[in-house]
Amino acid sequence: MSRTALGMPAVRPVHGQGNLHASTAFPAAAKAEMGNTQMRANIRHATHTIRGKRARVAGELPDWEELRSAGSAVKEQVMARLPELLEQFEANFTARGGTVHWARDAAEANRIVTELVQATGSTDVIKIKSMATQEIGLEAHLEEHGITATETDLAELIVQLGHDKPSHILVPAIHKNRHEIRDIFLAEMAETDETLTSEPRDLAEAARTHLREKFLSTSVAVSGANFGVAETGTLTVVESEGNGRMCLTLPQTLITVMGIEKIVPTFQDLEVFLQLLPRSSTGERMNPYTSMWTGVTPGDGPQDVHVVLLDNGRTAVLDDPAGRSALHCIRCSACLNVCPVYEQAGGHAYGSTYPGPIGAILSPQLTGIESEQNASLPYASSLCGACYDVCPVKINIPEILVHLRDEDVRTRHGERSDEGAAAAPARTRRLPQAPSQMDLMMKSASFVMSSGRRMALAEKGLPLGRAVAGKDHAISWLPGMAGGWTDERDIPAPPKESFRNWWAKHSEETEQRVAQDGGPVSGSDAAGPETDTQHDEGER
Amino acid sequence: MTDAKTEILARIRGALHDTPSAPAAERTYRVASDRAAAEVLEMLEDRLVDYKATVHHETPESLPGRIAELLGASSRYVVPAGLDRSWLPEDTAARRALTDPNDARAASALGVRELNAVDAVVTSSTVSCAETGTIFLTGRPDEGRRAISLVPDHHICVVPAATVVELIPEALARVTPTAPVTMISGPSATSDIELERVEGVHGPRRLDVILLG
Numbered sequence: 001m002s003r004t005a006l007g008m009p010a011v012r013p014v015h016g017q018g019n020l021h022a023s024t025a026f027p028a029a030a031k032a033e034m035g036n037t038q039m040r041a042n043i044r045h046a047t048h049t050i051r052g053k054r055a056r057v058a059g060e061l062p063d064w065e066e067l068r069s070a071g072s073a074v075k076e077q078v079m080a081r082l083p084e085l086l087e088q089f090e091a092n093f094t095a096r097g098g099t100v101h102w103a104r105d106a107a108e109a110n111r112i113v114t115e116l117v118q119a120t121g122s123t124d125v126i127k128i129k130s131m132a133t134q135e136i137g138l139e140a141h142l143e144e145h146g147i148t149a150t151e152t153d154l155a156e157l158i159v160q161l162g163h164d165k166p167s168h169i170l171v172p173a174i175h176k177n178r179h180e181i182r183d184i185f186l187a188e189m190a191e192t193d194e195t196l197t198s199e200p201r202d203l204a205e206a207a208r209t210h211l212r213e214k215f216l217s218t219s220v221a222v223s224g225a226n227f228g229v230a231e232t233g234t235l236t237v238v239e240s241e242g243n244g245r246m247c248l249t250l251p252q253t254l255i256t257v258m259g260i261e262k263i264v265p266t267f268q269d270l271e272v273f274l275q276l277l278p279r280s281s282t283g284e285r286m287n288p289y290t291s292m293w294t295g296v297t298p299g300d301g302p303q304d305v306h307v308v309l310l311d312n313g314r315t316a317v318l319d320d321p322a323g324r325s326a327l328h329c330i331r332c333s334a335c336l337n338v339c340p341v342y343e344q345a346g347g348h349a350y351g352s353t354y355p356g357p358i359g360a361i362l363s364p365q366l367t368g369i370e371s372e373q374n375a376s377l378p379y380a381s382s383l384c385g386a387c388y389d390v391c392p393v394k395i396n397i398p399e400i401l402v403h404l405r406d407e408d409v410r411t412r413h414g415e416r417s418d419e420g421a422a423a424a425p426a427r428t429r430r431l432p433q434a435p436s437q438m439d440l441m442m443k444s445a446s447f448v449m450s451s452g453r454r455m456a457l458a459e460k461g462l463p464l465g466r467a468v469a470g471k472d473h474a475i476s477w478l479p480g481m482a483g484g485w486t487d488e489r490d491i492p493a494p495p496k497e498s499f500r501n502w503w504a505k506h507s508e509e510t511e512q513r514v515a516q517d518g519g520p521v522s523g524s525d526a527a528g529p530e531t532d533t534q535h536d537e538g539e540r
Numbered sequence: 541m542t543d544a545k546t547e548i549l550a551r552i553r554g555a556l557h558d559t560p561s562a563p564a565a566e567r568t569y570r571v572a573s574d575r576a577a578a579e580v581l582e583m584l585e586d587r588l589v590d591y592k593a594t595v596h597h598e599t600p601e602s603l604p605g606r607i608a609e610l611l612g613a614s615s616r617y618v619v620p621a622g623l624d625r626s627w628l629p630e631d632t633a634a635r636r637a638l639t640d641p642n643d644a645r646a647a648s649a650l651g652v653r654e655l656n657a658v659d660a661v662v663t664s665s666t667v668s669c670a671e672t673g674t675i676f677l678t679g680r681p682d683e684g685r686r687a688i689s690l691v692p693d694h695h696i697c698v699v700p701a702a703t704v705v706e707l708i709p710e711a712l713a714r715v716t717p718t719a720p721v722t723m724i725s726g727p728s729a730t731s732d733i734e735l736e737r738v739e740g741v742h743g744p745r746r747l748d749v750i751l752l753g
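As structure tokens, then:
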């Protein structure tokens with residue numbers, strides 16, 4: 001793709017940092033995760049439950065497709081008008097008594113939030129579940145500075161108390177079942193004892209008791225945001241349990257970290273997303289609670305209100321016209337719940353904060369496809385397209401996956417000398433490699449297949465394959481990189497003879513055979529349009 | 541070094557090197573209801589009950605009696621200063637309404653611990669969306685500041701019939717965007733354990749909705 005543009009500014013987008021890189025690349029991580037049969041059973045149960053609910057409530061709306069189209073169009077417009085919308089948001093939020101901060105990357109966002117908390121004198125913060133703060137690793141950063149962040153969302157609390165990692169966008173503890181959650185609560189919550197059952201109702205009650213005092217006494221809260229309205233300066237958080245309302249209402253100071261792509265132009269646009277998000281996410285007509293605030297409301301809620309607008313690689317995603325629609329994502333997680341790969345591998349295998357199909361296109365773009373660990377993510381898909389079908393804002397995930405595979409191959413061949421490669425963080429950048437086994441195989445295949453004579457010669461080797469396959473007619477080991485295939489499955493034995501070689505011996509018999517079958521015409525193009533027409537009529 | 545805002549905006553402009561143009565979104569989805577008012581009310585009730593709220597139908601005359609019954613004989617409950625007092629039952633020795641001035645800075649404002657100790661809260665509401673079973677509070681004088689409808693464990697919410705609409709676009713059109721908005725769809729709930737919905741976490745665990753005709 002040509003990247004030449006007139007008058008391009010000197011400033012280049014920069015890739016993101018933080019919890020976006022896997023420590024192990026997907027193929028190896030997935031292999032390890034697949035050994036965890038309990039986790040796989042838990043994920044299968046949960047994703048199948050939610051699939052049915054999503055389909056039912058999406059089907060309930062006669063205008064679901066119109067809403068999806070509108071959602072997609074609004075997001076496309078946001079990307080095209082982003083600078084103007086961000087400045088408009090800032091002006092409106094500021095006019096209502098809020099403070100807007102800008103953070104180029106995770107480190108800058110963490111520093112800003114930490115300094116804001118330190119300025120309050122508090123060493124405790126309560127947190128609403130947020131992908132952005134997970135992405136930048138805020139909790140660990142606060143910890144290093146002597147500030148304790150308590151997760152108040154039930155699933156995040158389960159992850160935090162279990163010293164675990166989130167594995168799903170909506171339900172970070174999806175890999176744990178009720179019995180495992182009960183065990184964590186029993187071990188980590190002072191208020192619980194052996195009488196605690198594994199009934200979800202009882203577990204929710206235990207969380208309520210555990211967090212109540214925190215809500216009443218903590219003076220600083222940190223949140224993410226689902227939407228920021230440019231026209232009014234309004235921030236929105238969508239939630240279920242009321243922990244969000246607690247954090248957004250009771251503390252004196254509220255600090256929100258929001259990705260720059262979360263802006264929507266008008267308040268009216270929320271009518272689209274507030275229908276799409278809950279139905280796609282939890283499979284509910286509406287989530288129990290949605291809160292909106294615009295700067296400070298005197299005498300009601302936090303009086304010291306901040307928002308940190310976060311880039312951290314988002315501009316690098318925006319830089320690629322073929323991949324930028326990954327930024328349209330509203331974090332509903334519907335694509336995870338329908339993905340056959342996610343169902344088997346689980347969320348941890350993706351490494352990054354963003355798992356599943358959306359993670360497979362977002363993480364490598366945020367970090368740069370040059371990132372060694374994330375370069376395999378676009379291959380973590382069968383390209384079945386289920387994710388595209390359920391996406392509430394119609395992100396064509398399979399198309400972007402294929403595009404990123406191409407970017408990856410071109411990167412490995414050193415064919416991308418463009419800005420994208422240079423923008424990658426140095427520690428993850430890969431140098432162009434010498435021709436790989438795949439290159440040599442492809443080159444040989446191209447040499448053989450480009451000539452009928454050479455192909456026929458090569459196919460004379462088929463009986464050799466049959467000999468290798470042996471009595472069970474299957475080949476279960478191949479050398480070199482082709483072994484990647486036979487590691488997981490057998491190849492059936494090749495036929496005795498290729499069609500090409502068979503045809504060379506029998507082509508003279510055509511007329512004789514057609515006459516035998518009572519066919520209409522002689523000649524080499526007997527299978528012409530007439531035959532097609534007959535076939536069509538036969539089907540009617 | 542340039543400041544973060546300047547640099548981020550410059551990065552975005554650089555990333556939009558292909559100067560993408562996006563046409564305005566076509567709003568071909570439903571924006572106005574074509575259902576009769578009675579049908580819309582019925583839908584609201586159906587959706588509220590589905591998400592485990594309890595629904596009552598009352599008139600201005602029967603309203604105080606219903607609220608008294610829901611509060612029970614013994615109750616200390618909070619009401620926002622702007623609430624229509626004729627909706628409420630007479631105070632008794634054991635049942636008393638505490639009025640919150642709608643401003644946390646006022647001396648008479650209830651603190652969070654006081655709110656945590658009351659039995660219930662009674663508020664009105666701005667608008668309700670039938671299709672999703674959602675009630676909108678926007679901090680008006682008869683709805684109060686956000687804390688009073690959050691901390692008590694029992695929320696009795698009055699929904700005047702004239703404030704019920706069918707669709708989300710109709711509901712949002714009746715909301716002042718800069719107000720502190722709380723959208724409520726049933727009592728607090730979670731789907732965090734095995735993606736199964738259970739009601740009752742941090743917000744009010746009991747939600748009584750009174751449709752006032």
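In the order they appear, the protein sequences are chains W and Z. Position 244 (the first sequence) corresponds to 244 in my numbering; numbering is contiguous. Position 133 (the second sequence) corresponds to 673 in my numbering; numbering is contiguous. The beta-carbon is built from N, C-alpha and C at its ideal position, and this holds for glycine as well.
For a contact defined as C-beta to C-beta under 9 Å, what are the partners of residue i on chain W?
i	result
residue 583(Z)	Simply none; closest approach about 11 Å.
residue 652(Z)	215, 216, 217, 250
State the DSSP-derived secondary structure class of residue i, mapped to helix, strand or coil.
i	result
residue 650(Z)	coil
residue 20(W)	coil
residue 691(Z)	coil
residue 15(W)	coil
residue 335(W)	helix
residue 557(Z)	coil
Compare the C-alpha of residue i against each of the options and name the closest.
i	options	result
residue 214(W)	702(Z), 653(Z), 634(Z)	653(Z)
residue 255(W)	45(W), 272(W), 221(W)	221(W)
residue 161(W)	168(W), 152(W), 169(W)	152(W)
residue 266(W)	709(Z), 736(Z), 546(Z)	709(Z)
residue 73(W)	413(W), 327(W), 450(W)	327(W)
residue 24(W)	385(W), 468(W), 372(W), 464(W)	372(W)
residue 90(W)	150(W), 307(W), 436(W), 412(W)	307(W)
residue 551(Z)	398(W), 461(W), 385(W), 314(W)	314(W)
residue 182(W)	199(W), 174(W), 216(W), 456(W)	199(W)
residue 541(W)	651(Z), 717(Z), 614(Z), 656(Z)	What the structure shows of chain W is the stretch from 1 to 540, and residue 541(W) is not part of that stretch, so it cannot be assessed.
Check the Cβ of residue i against every Cβ in chain Z and list those closer than 9 Å, keeping chain order.
i	result
residue 59(W)	None at all; the shortest Cβ gap to chain Z is about 14 Å.
residue 260(W)	548, 552
Determine the chain Z residues that contact residue i at a beta-carbon separation under 8 Å, and present them in chain order.
i	result
residue 289(W)	722, 723, 724, 725, 728, 743
residue 365(W)	Simply none; closest approach about 11 Å.
residue 243(W)	741, 742
Can you name the residues of chain Z whose CB is closer than 7 Å to the CB of residue i?
i	result
residue 271(W)	708, 709, 712
residue 207(W)	741
In chain W, what lies closer than 7 Å to residue i by C-beta?
i	result
residue 547(Z)	11, 104
residue 552(Z)	82, 83, 315, 318
residue 753(Z)	Ordered by position in chain W, no residue passes the 7 Å Cβ test against residue 753(Z), which lies about 24 Å from the chain.
residue 575(Z)	In chain order: nothing, as chain W lies at least about 13 Å away.
List the residues of chain W that residue i touches, going by C-beta distances under 8 Å, in chain order.
i	result
residue 683(Z)	Per Cβ cutoff of 8 Å: no residues; residue 683(Z) is ~11 Å from chain W at best.
residue 736(Z)	49, 200
Subject >> the region 334-353 of chain W / the region 18-38 of chain W touching (three or more Cβ pairs under 8 Å) >> reply: Two segments are said to touch when three or more pairs of C-beta atoms, one from each, lie closer than 8 Å; by this definition the region 334-353 of chain W touches the region 18-38 of chain W.
**OP:** Count the C-beta pairs between the region 251-265 of chain W and the region 687-698 of chain Z that are closer than 8 Å, then say yes if the count reaches three, no if not.
**Re:** No: the two stretches stay apart, fewer than three of their Cβ pairs being nearer than 8 Å.
Subject >> Residues in the region 400-412 of chain W having any Cβ partner in chain Z nearer than 7 Å >> reply: Against chain Z - using a Cβ distance shorter than 7 Å - the region 400-412 of chain W contributes no residues.
Original post:
Is the region 680-687 of chain Z touching the region 598-605 of chain Z in the sense that three or more CB pairs, one from each, lie closer than 8 Å?
Top reply: Contact fails: fewer than three Cβ-Cβ distances are below 8 Å.
Subject >> Interface positions of the region 170-191 of chain W facing chain Z (Cβ-Cβ less than 9 Å), listed along the chain >> reply: Contact annotation: in the region 170-191 of chain W, residues whose CB is within less than 9 Å of a CB in chain Z are 170, 171, 172, 173, 174, 176, 177, 178, 181.
Original post:
Below 8 Å, can you find three or more Cβ-Cβ pairs linking the region 374-389 of chain W to the region 398-413 of chain W?
Top reply: The region 374-389 of chain W and the region 398-413 of chain W touch, with no fewer than 3 CB-CB distances between them shorter than 8 Å.
Subject >> the region 585-599 of chain Z touching the region 88-106 of chain W, judged by at least three CB pairs closer than 8 Å >> reply: Contact between the region 585-599 of chain Z and the region 88-106 of chain W is absent, because fewer than three Cβ pairs lie under 8 Å.
**OP:** State whether the region 607-626 of chain Z contacts the region 657-664 of chain Z, with contact taken as three or more CB pairs (one from each stretch) at a distance under 8 Å.
**Re:** Yes, since at least three Cβ pairs between the region 607-626 of chain Z and the region 657-664 of chain Z fall closer than 8 Å, the two stretches touch.
**OP:** State whether the region 231-245 of chain W contacts the region 291-300 of chain W, with contact taken as three or more CB pairs (one from each stretch) at a distance under 8 Å.
**Re:** In short, these stretches touch, since the Cβ pair count reaches three.
Original post:
Which residues, taken in chain order from the region 334-350 of chain W, show a beta carbon closer than 8 Å to some beta carbon of chain Z?
Top reply: From the region 334-350 of chain W, no residue has a Cβ closer than 8 Å to chain Z.
Original post:
For the region 213-233 of chain W, which residues have a CB atom closer than 9 Å to at least one CB atom of chain Z, in sequence order?
Top reply: From the region 213-233 of chain W, only 215, 216, 217, 229, 231, 232, 233 have a Cβ closer than 9 Å to chain Z.
Subject >> Three CB pairs or more closer than 8 Å across the region 269-289 of chain W and the region 56-64 of chain W >> reply: Between the region 269-289 of chain W and the region 56-64 of chain W, the count of Cβ pairs shorter than 8 Å is three or higher; the stretches touch.
**OP:** Quick one: which residues of the region 599-633 of chain Z get their C-beta closer than 7 Å to a C-beta of chain W? List them in chain order.
**Re:** Those would be none; no residue qualifies.
Original post:
Would you say the region 456-463 of chain W touches the region 497-506 of chain W, given that touching needs at least three Cβ pairs under 8 Å?
Top reply: Using a C-beta cut-off of 8 Å, the region 456-463 of chain W makes contact with the region 497-506 of chain W, since at least three inter-stretch Cβ pairs fall below that distance.
Subject >> contact_flag[the region 137-155 of chain W, the region 107-118 of chain W] where n(CB pairs < 8 Å) is 3 or more >> reply: With contact defined as three or more Cβ pairs closer than 8 Å, the region 137-155 of chain W and the region 107-118 of chain W are in contact.
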